[in-house]
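Residue numbers (my numbering), protein chains in the order written: chain A, 4 to 220; chain B, 4 to 220; chain C, 4 to 220; chain D, 4 to 220.
Single-structure report; data block below.
There are 4 protein chains.
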Amino acid sequence: MERDEQQSPAVKLPRGAKRRARTRADLLSAARNVFAARGFHDATISEITDAAGVGVGTFYLHFHDKDAIFSALVEDGMGALRGRILAEIRAHARPTLPVVLRVILRAAYEQRELFRVALMGGIANRRFQARDVLVQVFAQFLDHAPDLAPFSADDSLLLARLLAGIILQSVTWWFEQDEPGADLMAEHVLSVMQHGFPAALFDVPLPPSFFALDELA
Amino acid sequence: MERDEQQSPAVKLPRGAKRRARTRADLLSAARNVFAARGFHDATISEITDAAGVGVGTFYLHFHDKDAIFSALVEDGMGALRGRILAEIRAHARPTLPVVLRVILRAAYEQRELFRVALMGGIANRRFQARDVLVQVFAQFLDHAPDLAPFSADDSLLLARLLAGIILQSVTWWFEQDEPGADLMAEHVLSVMQHGFPAALFDVPLPPSFFALDELA
Amino acid sequence: MERDEQQSPAVKLPRGAKRRARTRADLLSAARNVFAARGFHDATISEITDAAGVGVGTFYLHFHDKDAIFSALVEDGMGALRGRILAEIRAHARPTLPVVLRVILRAAYEQRELFRVALMGGIANRRFQARDVLVQVFAQFLDHAPDLAPFSADDSLLLARLLAGIILQSVTWWFEQDEPGADLMAEHVLSVMQHGFPAALFDVPLPPSFFALDELA
Amino acid sequence: MERDEQQSPAVKLPRGAKRRARTRADLLSAARNVFAARGFHDATISEITDAAGVGVGTFYLHFHDKDAIFSALVEDGMGALRGRILAEIRAHARPTLPVVLRVILRAAYEQRELFRVALMGGIANRRFQARDVLVQVFAQFLDHAPDLAPFSADDSLLLARLLAGIILQSVTWWFEQDEPGADLMAEHVLSVMQHGFPAALFDVPLPPSFFALDELA
DNA sequence: TATGAATGAGCGTTCATTCAT
DNA sequence: AATGAATGAACGCTCATTCAT
């Protein structure tokens with residue numbers, strides 16, 4: 004993209020490549036909407052091509068199959084997000100977990116549609132991709148922390164998963180609601196991550212009404 | 004549907020009723036295995052009936068459609084689990100969150116296969132059922148806590164979701180590993196819920212090596 | 004212990020097996036017509052199922068794919084033919100080549116439609132099946148002949164192919180014409196096989212008119 | 004624009020005509036390889052254009068459709084072969100059947116790839132083109148033979164087919180093996196055409212082992 | 001009640017053909 | 001003339017569901 008643009012105004016090899024790229028982008032965009040709305044399995048190729056305003060056959064000119072566009076969508080999208088996140092993190096002198104978390108949540112908030120696709124996605128394994136990216140980030144912090152007390156180093160992967168579980172709920176929360184936004188959410192999340200949930204929570208007993216309620220159902 | 008006609012103390016349902024119940028149970032059991040192994044969408048009715056040792060047509064004598072057996076599976080399973088959990092909770096004089104959590108995790112550990120089905124299940128919405136049960140329990144505690152500081156009462160649903168996120172990760176952790184078991188897991192979970200994650204985590208900066216690594220990929 | 008065939012006139016396990024067998028036969032019969040008329044590649048499954056008066060899905064209950072029904076058709080058909088031929092040959096005290104040839108040609112004449120399917124069939128390799136059966140029969144005779152002069156034993160496979168070539172033309176001849184029938188055809192074929200083609204054929208020069216004709220075209 | 008510049012005596016076709024002819028030749032050559040390797044139906048236009056190193060659209064500048072290039076291939080190829088054969092025949096003072104056969108087999112041996120295409124070709128009818136050319140040649144000889152004893156003139160077309168059947172097997176033999184070459188093959192073929200197959204063949208009975216073998220299968 | 005053969009709408013996918021550049 | 005992105009009809013095939021037995 005940033006390589007030699009010839010002096011001549013004509014660009015490099017737009018032999019129809021521009022059209023092709025445009026169609027591919029249309030397909031990806033259409034696929035994002037369709038996958039988000041209907042999930043991987045219930046989405047059909049022709050829903051996607053209809054939404055993109057192209058013929059069915061065109062789909063296969065750009066993607067090998069349904070799996071491929073899903074992967075491209077998630078991978079491209081997550082790749083871009085990752086790039087953006089890394090760039091922002093690099094801007095900080097000391098990128099601590101709170102900083103990183105704020106950046107991640109801001110990015111995730113803006114791309115909640117992408118996360119919806121990734122997390123509702125079809126094949127089970129793929130659904131864990133988003134989680135695993137988070138896990139890797141947390142693992143970095145855990146591995147470099149001088150002391151994990153009261154946990155041992157062996158617990159770091161599990162801790163990373165629990166941390167990811169909190170973020171994942173923040174993101175899925177945004178599937179239904181826009182509030183609180185990224186920054187307030189980050190504050191909440193950081194609060195519980197650092198100090199735990201309100202202490203009162205652990206003292207009150209479950210009210211007998213809970214059982215009463217249940218009896219009815 | 005299964006109303007008790009308790010004329011006679013023990014069994015009273017004559018004819019093929021016992022046989023019918025047996026077939027239904029076979030189908031549910033077969034469905035659990037098949038759904039766990041292949042997911043909702045990729046599972047076929049005949050896989051289930053084959054595994055159950057009955058004819059395809061028999062399936063429709065017991066369940067209206069594929070969705071119905073999935074729901075029945077999750078609902079029956081979760082219902083039974085819920086019953087067991089409630090019973091255990093009731094045995095406690097003061098069922099506080101730590102107590103409840105231990106009970107829940109113990110039950111979930113034993114029924115991890117059921118959770119796998121519920122959480123990997125096909126139709127997106129259904130995947131949240133398991134989450135929502137947890138959310139409801141946490142909401143109970145949150146609603147009865149005298150003070151949520153530093154959060155407000157308005158945050159209680161969000162907090163419930165974040166708590167559920169942690170539990171959900173414990174359960175999915177067990178999809179791949181059996182260790183730590185339910186009790187140790189409960190201790191870990193309670194620790195982070197009450198006191199937060201290790202403080203050191205929030206001070207260390209992300210090492211530059213993180214970016215270096217990324218550049219390669 | 005052999006399964007008990009009840010005294011009762013009812014046959015073994017006609018649980019719907021009769022219906023099934025009937026449908027399969029219908030499909031095979033329909034496929035024979037369709038393949039004969041349109042060739043393997045141009046035949047479609049729904050042409051076959053329409054002709055058989057069943058639904059498309061039914062096809063796949065009986066055959067794994069298009070290849071499978073073609074093979075079944077040719078193999079079943081050829082197998083039956085082979086059985087019939089062997090039975091007839093066995094009836095002879097001394098089944099010499101002339102005898103065998105007559106039997107083969109009679110069978111082929113009656114089943115010319117089957118040969119049309121086999122020989123026009125789609126995948127190239129399969130087209131040679133019919134030829135190879137003939138080759139094997141001829142190879143038997145060649146291998147047991149005391150003397151192949153003026154040929155050597157090494158030539159026996161080639162000779163078998165040349166013999167088969169003659170038979171194959173007899174059979175394809177019948178794709179367009181019914182005359183001469185099997186017996187007269189056998190006489191002709193045996194005549195050229197035993198004594199060669201009319202001697203005069205090898206003396207006359209090609210008339211100049213041949214070239215003249217060609218110039219026009 | 005400089006039209007017909009016939010400076011050089013040979014070339015007369017100006018502008019892109021040479022280029023055009025070259026592209027057409029490339030397509031034909033590519034098509035021969037592709038058709039030979041994959042058969043008519045399984046060959047795709049883009050395989051051909053890829054192999055020819057031109058764009059798909061270019062194909063339709065030169066041939067009306069897939070059938071057209073197949074026909075052109077077989078017709079051009081066979082036409083060229085025919086020309087070569089005729090030229091060689093004309094060189095003989097008395098081109099008798101043995102002479103003609105040798106010429107034909109030599110040509111066929113060299114062009115076995117073309118025959119593979121023609122004989123494995125897609126649409127059934129076209130597969131008989133090669134055969135029919137042979138039949139026409141033999142018909143010439145048969146029509147000019149003074150005496151067809153023990154056959155009648157009415158049998159001449161059938162005899163031509165039987166003769167063609169032998170040649171066809173020689174050619175298909177070469178699809179798998181290169182030996183014997185054209186000249187030795189011609190000798191063998193002429194031997195059986197003139198004198199028939201080894202006499203011993205018609206006396207030996209089919210050995211009982213033949214049946215035994217069959218029983219196993 | 002249980003069966004499993006039959007169904008057919010609907011899917012993913014291919015590829016000969018067109019046409020704007 | 002040459003290109004190759006785009007097209008869409010048509011195919012093979014699957015599988016949830018029905019129904020005669």
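Note that the Cβ used here is the ideal one computed from N, Cα and C, for glycine as well.
Please read these numbers as outputs of a predicted model, since none were measured by experiment.
Ordered along the chain, which non-local residues of its own chain (more than five positions away) have a Cβ less than 6 Å from that of residue i?
i	result
D/Phe62	Ile48, Thr52
C/Phe213	none
A/Gly199	none
B/Lys21	none
C/Gly80	Leu117
B/Leu108	Ala185, Met188, Ala189
C/Phe178	Arg119
First and last residue of the alpha helix (DSSP H) that includes residue i?
i	result
C/Ala28	20 to 45
C/Arg115	115 to 123
D/Asn52	Reading the sequence as shown, one finds Thr at residue 52 of chain D and not Asn. Its alpha helix (DSSP H) spans residues 48 to 55.
D/Gly86	69 to 93
D/Gly60	59 to 65
Please list the partners that residue i has in chain C, where partner means a Cβ-to-Cβ separation under 7 Å.
i	result
D/Arg97	Pro208
Grab me the residues of residue i's own chain with a C-beta within less than 7 Å of its C-beta, minus the 5 sequence neighbours each way, in chain order.
i	result
D/Lys69	Ile48
A/His237	The structure shown has nothing for residue 237 of chain A, since chain A only spans 4 to 220.
C/Glu50	Val37
C/Val120	Arg35, Phe38, Ala39, Leu76, Val77
A/Arg164	Val138
D/Glu116	Arg35, Ala39
C/Leu193	Pro101, Leu104
C/Arg87	Ala110
A/Asp7	Confidence at A/Asp7 is low in this model, with a pLDDT of 44, below 50, so the placement of that residue should be treated as unreliable; the coordinate-derived value is given next. Closer than 7 Å at Cβ, skipping near neighbours: no residue.
C/Glu91	Val106
A/Ala46	Val37, Phe38
C/Ala13	For C/Ala13, the predicted model reports a pLDDT of 44, less than 50, meaning its position is unreliable; a value from the coordinates is still stated below. For C/Ala13, where only same-chain residues beyond five positions count, there are no Cβ hits under 7 Å.
So, at 8 Å on beta carbons, what are the nonlocal neighbours of residue i in its own chain, with the 5 sequence-adjacent residues on each side left out?
i	result
C/Leu171	Leu122, Ala133, Arg134, Leu137
B/Ser159	Ala142, Leu145, Asp146, Leu151
D/Gly184	Tyr112
B/Ser32	Ala55
B/Leu162	Phe141, Leu145, Leu151, Phe154
B/Arg27	His65
B/Arg85	Val136
Give me the chain D residues within the contact set of residue i, using Cβ-Cβ distance strictly less than 8 Å, ordered along the chain.
i	result
C/Leu108	Going along chain D, no residue has its Cβ under 8 Å from C/Leu108, so there is no contact; the nearest lies around 13 Å.
C/Gln143	Leu209, Pro210, Phe213
What residues of chain A sit near residue i, judged by a beta carbon separation below 8 Å?
i	result
B/Trp177	Correct list: empty, because the minimum Cβ distance to chain A is about 11 Å.
B/Gly199	Val195, Met196, Gln197, His198, Gly199
List, in order along the chain, the chain A residues whose C-beta lies closer than 7 Å to that of residue i?
i	result
B/Leu77	The amino acid occupying residue 77 of chain B in the given sequence is Val; Leu does not appear at that position. Under the 7 Å cutoff, chain A gives no residues; its nearest Cβ is about 15 Å from B/Val77.
B/Ala148	Pro201, Ala203, Leu204, Val207
B/Leu84	Result: empty, since nearest Cβ-Cβ is about 13 Å, beyond 7 Å.
B/Ala152	Pro201
By the criterion of Cβ-Cβ separation under 9 Å, what are the contact partners of residue i in chain C?
i	result
D/Gly168	Leu165, Ala167, Gly168, Ile169, Ile170, Leu171, Gln172, Ser173, Thr175
With a cut-off of 8 Å on the beta carbons, I'd call residue i and residue j a contact; round off their distance for me.
i	j	result
B/Ile169	B/Val195	7 Å
D/Pro208	C/Arg97	4 Å
C/Ala83	D/Ala148	Contact doesn't hold; Cβ gap of about 41 Å is too wide.
Give me the chain B residues within the contact set of residue i, using Cβ-Cβ distance strictly less than 7 Å, ordered along the chain.
i	result
A/Ala54	What A/Ala54 touches in chain B: nothing, since even the nearest Cβ is about 19 Å away.
A/Val103	Leu209
Closer than 8 Å by beta-carbon distance: list the chain C residues that pair up with residue i, in chain order.
i	result
D/Asp158	His191
Give the residues of chain D in contact with residue i, contact being defined as C-beta atoms less than 7 Å apart.
i	result
C/Phe118	Near C/Phe118 there are no residues of chain D at all, since even the closest Cβ is about 13 Å away, more than 7 Å.
C/Leu161	Trp176, His191
C/Leu100	Leu204, Phe205
* Only counting runs of 4 or more residues, tell me where the alpha helix (DSSP H) segments fall wholly within the stretch 126 to 187 of chain A, in order along the chain. => You should have 127 to 147, 159 to 179.
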